[in-house]
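A short write-up of the structure that comes next.
2 protein chains.
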Amino acid sequence: MPCAQCPLRPLPGFKPLREGELAFISRRKVGQRRIEPGGSIVAEGGAAAHVFTLLSGWAFRFKTMTDGRRQIMSFLLPGDILGLQAELLEATAHGVEALTEVSLCAFARDTVWSVYRVHPPLALDLTWLAAHGERLVDDAMLSVGRRTAVESVAALLVSLFKRAESAGLREGDSVPFPLTQTHVADALGLSVVHTNRTMQRLRRMGLVRIGDGRLAVGDLRSLRRIAQYWEQPAPVRPLF
Amino acid sequence: MPCAQCPLRPLPGFKPLREGELAFISRRKVGQRRIEPGGSIVAEGGAAAHVFTLLSGWAFRFKTMTDGRRQIMSFLLPGDILGLQAELLEATAHGVEALTEVSLCAFARDTVWSVYRVHPPLALDLTWLAAHGERLVDDAMLSVGRRTAVESVAALLVSLFKRAESAGLREGDSVPFPLTQTHVADALGLSVVHTNRTMQRLRRMGLVRIGDGRLAVGDLRSLRRIAQYWEQPAPVRPLF
DNA sequence: CGTTGATTTGAGTAAGATCAAGTCGGGTGG
DNA sequence: CCACCCGACTTGATCTTACTCAAATCAACG
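Following this line, the structure appears as structure tokens:
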């Protein structure tokens with residue numbers, strides 16, 4: 098898939114590139130990788146790998162403890178970048194796993210450095226993406242630390258709905274929802290059982306519908322109120 | 098305090114600057130701010146302010162919910178940078194508050210952008226700092242989500258001890274510890290009461306000593322084992 | 001001294017964990 | 001076609017961690 102025909106870039110949520118940047122990016126792209134659902138994209142604790150852009154599909158960043166407890170730090174949707182942290186800090190502190198079938202654009206090893214040298218505005222965009230990623234984690238942390246179970250499930254669903262929407266994944270009143278309840282539990286620091294009961298509660302209240310791998314939000318306003326969620330995503334974001 | 102005489106830069110944990118960078122940084126520094134303990138450095142939800150480097154003292158990043166629940170996302174120590182997120186995303190999603198008396202180096206409004214244009218390697222360093230900050234939050238998230246109370250208190254104490262040490266704050270076997278138990282609770286998503294009992298437990302086990310605003314670690318190895326903490330901080334880090 | 005904020009202790013409670021069976025649905029092999 | 005398997009989802013019962021409420025102690029400070 099040549100960058101010039103990137104299906105993401107024309108979406109309203111993404112910022113257009115500047116002069117010469119498209120050519121630059123195209124030149125640095127060394128290939129595309131396809132990974133099956135459940136496959137590992139970056140091994141936990143591995144050495145620096147490539148930098149990737151998620152072209153299609155969903156993934157998540159996580160850490161595991163020796164006894165198997167797992168915490169999901171964030172979910173990755175099309176347009177998100179991955180491997181920046183590993184590249185800069187020379188090692189990964191977390192793993193990345195595919196949630197659905199995933200396509201990745203892989204960039205040459207020294208891409209990050211050459212962006213900084215050759216295309217400063219694009220480098221700033223890269224940092225923007227890093228900052229945006231941290232903001233998502235910050236919000237997730239509020240969920241895990243201070244929200245009750247209903248509140249955090251609500252917050253997660255709103256956040257994923259919004260993000261999926263701006264990645265162009267909304268169809269009708271629903272977006273794809275490839276997470277199992279185990280993923281939700283691991284993202285929110287809850288047990289699967291409690292996650293299940295909590296999601297049922299939201300369903301019975303008529304606030305969300307989940308089924309067939311899709312999520313529909315019945316009453317966004319109420320859901321937001323329950324979550325005390327008011328982060329609004331940036332109107333446009335850079336896409337590397 | 099002129100940058101040429103910065104007390105942090107000579108510390109073994111910090112990376113030396115390259116040709117011309119010191120002059121550049123000096124030129125962009127527009128002043129220094131002093132803030133008393135408990136003072137607000139960045140208001141929650143405020144517009145983009147300056148970018149600051151923490152010259153001395155401790156601070157923390159946090160979010161509050163309407164009903165007063167608070168989550169501390171991370172603690173800031175000398176050498177840490179703050180305001181990057183706000184500058185890039187044009188608004189803060191969190192507040193920053195001083196824990197002790199704090200001195201900040203303030204930089205001119207468009208500093209970030211000019212770094213990218215004029216000193217690419219320094220820009221890369223800036224991104225390094227952002228990535229490093231996110232890594233800390235990732236680890237905190239593991240605590241809040243998946244560690245038990247003892248485990249997360251242990252992890253927090255080890256992490257702060259190490260960071261304080263590499264900021265040159267260790268004296269004998271102890272480092273400053275300006276947090277109240279309320280701060281610890283808000284960082285770990287626990288109640289103050291439970292935090293208190295948990296810290297007593299660690300004290301009675303002889304693993305830590307806390308008093309007079311200082312923290313001494315009696316048995317780092319055991320503390321680490323309890324925390325299942327094995328992140329090692331980078332050997333050297335950039336300082337803006 | 002009196003006030004204020006931090007820490008500590010005790011008692012009762014609740015949110016959420018754990019354990020143990022189910023059910024349901026889609027895929028596989030006989 | 002059907003038996004069976006496996007993973008995801010559900011349900012019920014019980015238990016525990018950590019929360020809440022309330023009050024006491026303690027230290028710093030004006």
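The listed protein sequences derive, respectively, from chains B and F. So the mapping is simple: the working numbering equals the position in the first sequence, first residue as 1, plus 97. So the mapping is simple: the working numbering equals the position in the second sequence, first residue as 1, plus 97. Note that the Cβ used here is the ideal one computed from N, Cα and C, for glycine as well. The structure presented is a predicted model; accordingly, all values stated were derived computationally and were not measured.
Where residue i falls, given that 16 or more other Cβ within 10 Å makes a residue buried
{"i": "proline 107 of chain F", "result": "exposed"}
{"i": "threonine 277 of chain B", "result": "exposed"}
{"i": "leucine 116 of chain B", "result": "One point to set straight first is that residue 116 of chain B is glutamate, not leucine, in the sequence displayed. It counts as exposed."}
{"i": "arginine 232 of chain F", "result": "buried"}
{"i": "phenylalanine 238 of chain F", "result": "It should be pointed out that residue 238 of chain F corresponds to methionine in this sequence rather than to phenylalanine. Answer is buried; the Cβ neighbour count reaches 16."}
{"i": "tryptophan 225 of chain F", "result": "buried"}
{"i": "proline 217 of chain B", "result": "buried"}
{"i": "alanine 144 of chain F", "result": "exposed"}
When the options are compared against residue i, the one with the closest alpha-carbon
{"i": "leucine 304 of chain B", "options": "B:Leu257, B:Ala156 and B:Ile323", "result": "B:Ile323"}
{"i": "glycine 142 of chain B", "options": "B:Leu186, B:Arg300 and B:Ala282", "result": "B:Leu186"}
{"i": "glycine 128 of chain F", "options": "F:Ser200, F:Pro175, F:Glu118 and F:Leu173", "result": "F:Ser200"}
{"i": "alanine 120 of chain F", "options": "F:Ala144, F:Val215 and F:Thr150", "result": "F:Val215"}
{"i": "alanine 205 of chain F", "options": "F:Glu184, F:Ala188 and F:Arg321", "result": "F:Glu184"}
{"i": "phenylalanine 111 of chain F", "options": "F:Ser171, F:Thr279, F:Pro217 and F:Gly176", "result": "F:Gly176"}
{"i": "histidine 191 of chain F", "options": "F:Ala140, F:Thr163 and F:Thr245", "result": "F:Ala140"}
{"i": "valine 209 of chain F", "options": "F:Ile122, F:Asp309 and F:Gln168", "result": "F:Ile122"}
{"i": "serine 153 of chain B", "options": "B:Ala264, B:Asp309 and B:Val333", "result": "B:Ala264"}
{"i": "arginine 343 of chain F", "options": "F:Asp309, F:Tyr326 and F:Arg267", "result": "Lying outside 98 to 337, the shown extent of chain F, residue 343 of chain F is not represented and no answer is given."}
{"i": "serine 171 of chain F", "options": "F:Ala284, F:Asp309 and F:Val333", "result": "F:Ala284"}
{"i": "isoleucine 169 of chain F", "options": "B:Arg124, B:Gly242 and B:Glu118", "result": "B:Gly242"}
Alpha carbon of residue i to alpha carbon of residue j, nearest angstrom
{"i": "arginine 294 of chain B", "j": "alanine 251 of chain B", "result": "13 Å"}
{"i": "glutamate 133 of chain F", "j": "glutamate 198 of chain F", "result": "5 Å"}
{"i": "serine 319 of chain B", "j": "valine 255 of chain B", "result": "10 Å"}
{"i": "proline 109 of chain F", "j": "glutamate 248 of chain B", "result": "45 Å"}
{"i": "serine 240 of chain B", "j": "alanine 101 of chain F", "result": "43 Å"}
{"i": "proline 330 of chain B", "j": "arginine 260 of chain B", "result": "8 Å"}
{"i": "alanine 282 of chain F", "j": "glycine 165 of chain F", "result": "14 Å"}
{"i": "arginine 158 of chain F", "j": "valine 193 of chain F", "result": "4 Å"}
{"i": "proline 335 of chain F", "j": "arginine 311 of chain B", "result": "44 Å"}
{"i": "proline 104 of chain F", "j": "lysine 126 of chain F", "result": "16 Å"}
{"i": "phenylalanine 258 of chain F", "j": "leucine 196 of chain F", "result": "16 Å"}
{"i": "glycine 286 of chain B", "j": "threonine 189 of chain F", "result": "26 Å"}
{"i": "threonine 279 of chain B", "j": "valine 289 of chain B", "result": "6 Å"}
{"i": "histidine 229 of chain F", "j": "glutamine 182 of chain B", "result": "8 Å"}
{"i": "leucine 114 of chain F", "j": "proline 99 of chain B", "result": "39 Å"}
{"i": "serine 271 of chain F", "j": "arginine 321 of chain F", "result": "16 Å"}
{"i": "leucine 317 of chain B", "j": "threonine 292 of chain B", "result": "20 Å"}
{"i": "arginine 167 of chain B", "j": "phenylalanine 337 of chain B", "result": "29 Å"}
{"i": "histidine 147 of chain B", "j": "glycine 135 of chain B", "result": "19 Å"}
{"i": "glutamate 262 of chain F", "j": "threonine 163 of chain B", "result": "27 Å"}
{"i": "threonine 161 of chain F", "j": "valine 234 of chain B", "result": "15 Å"}
{"i": "arginine 124 of chain B", "j": "glutamate 118 of chain B", "result": "10 Å"}
{"i": "aspartate 207 of chain B", "j": "aspartate 309 of chain B", "result": "41 Å"}
Contacts around residue i, its chain only, beta-carbon distance under 8 Å, and the 5 residues preceding and following it disregarded
{"i": "isoleucine 307 of chain F", "result": "Phe274, Met296, Arg300 and Ala313"}
{"i": "arginine 298 of chain B", "result": "Val247"}
{"i": "leucine 173 of chain B", "result": "Leu151, Trp155, Ala156, Phe157, Arg158, Leu179 and Val193"}
{"i": "phenylalanine 149 of chain B", "result": "Arg130, Ile138, Ile178, Leu179, Gly180, Leu201, Cys202, Ala203 and Phe204"}
{"i": "leucine 266 of chain B", "result": "Leu174, Pro175, Val272 and Pro273"}
Close Cβ partners of residue i (< 7 Å) along its chain, the five nearest in sequence each way excluded
{"i": "glycine 269 of chain B", "result": "none"}
{"i": "valine 212 of chain F", "result": "Leu219, Ala220 and Leu223"}
{"i": "glycine 315 of chain B", "result": "Gly303, Leu304, Val305 and Arg306"}
{"i": "leucine 253 of chain B", "result": "Ser240, Val281, Ala284 and Leu285"}
{"i": "alanine 227 of chain F", "result": "Leu181"}
{"i": "valine 333 of chain F", "result": "Gly110, Phe111 and Lys112"}
Extent of the continuous beta strand (DSSP E) to which residue i belongs
{"i": "phenylalanine 258 of chain F", "result": "Note, phenylalanine 258 of chain F: premise wrong, no beta strand (DSSP E); alpha helix (DSSP H) at 246 to 263."}
{"i": "phenylalanine 204 of chain F", "result": "199 to 204"}
{"i": "arginine 115 of chain F", "result": "That residue, arginine 115 of chain F, is in no beta strand (DSSP E); it is neither H nor E in DSSP."}
{"i": "alanine 156 of chain F", "result": "156 to 161"}
{"i": "threonine 277 of chain B", "result": "Counting along the chain, threonine 277 of chain B falls outside any beta strand (DSSP E), and DSSP gives it neither H nor E."}
{"i": "alanine 331 of chain B", "result": "First-last for alanine 331 of chain B: undefined, no H or E at that position."}
{"i": "glutamine 129 of chain B", "result": "126 to 132"}
For residue i, the first and last residue of its enclosing alpha helix (DSSP H)
{"i": "threonine 224 of chain F", "result": "217 to 243"}
{"i": "methionine 170 of chain F", "result": "No alpha helix (DSSP H) contains methionine 170 of chain F, which is instead part of the beta strand (DSSP E) from 167 to 173."}
{"i": "leucine 320 of chain B", "result": "317 to 324"}
{"i": "valine 290 of chain B", "result": "289 to 301"}
{"i": "glutamate 184 of chain F", "result": "181 to 186"}
Distance cut-off 7 Å: residue i Cβ against heavy atoms of the ligand NAD
{"i": "proline 218 of chain F", "result": "In the structure shown, the ligand NAD is absent, as is every other ligand, since no ligand is present at all."}
6 Å CB neighbourhood of residue i in its chain, flanking five on each side removed
{"i": "aspartate 236 of chain F", "result": "Glu328"}
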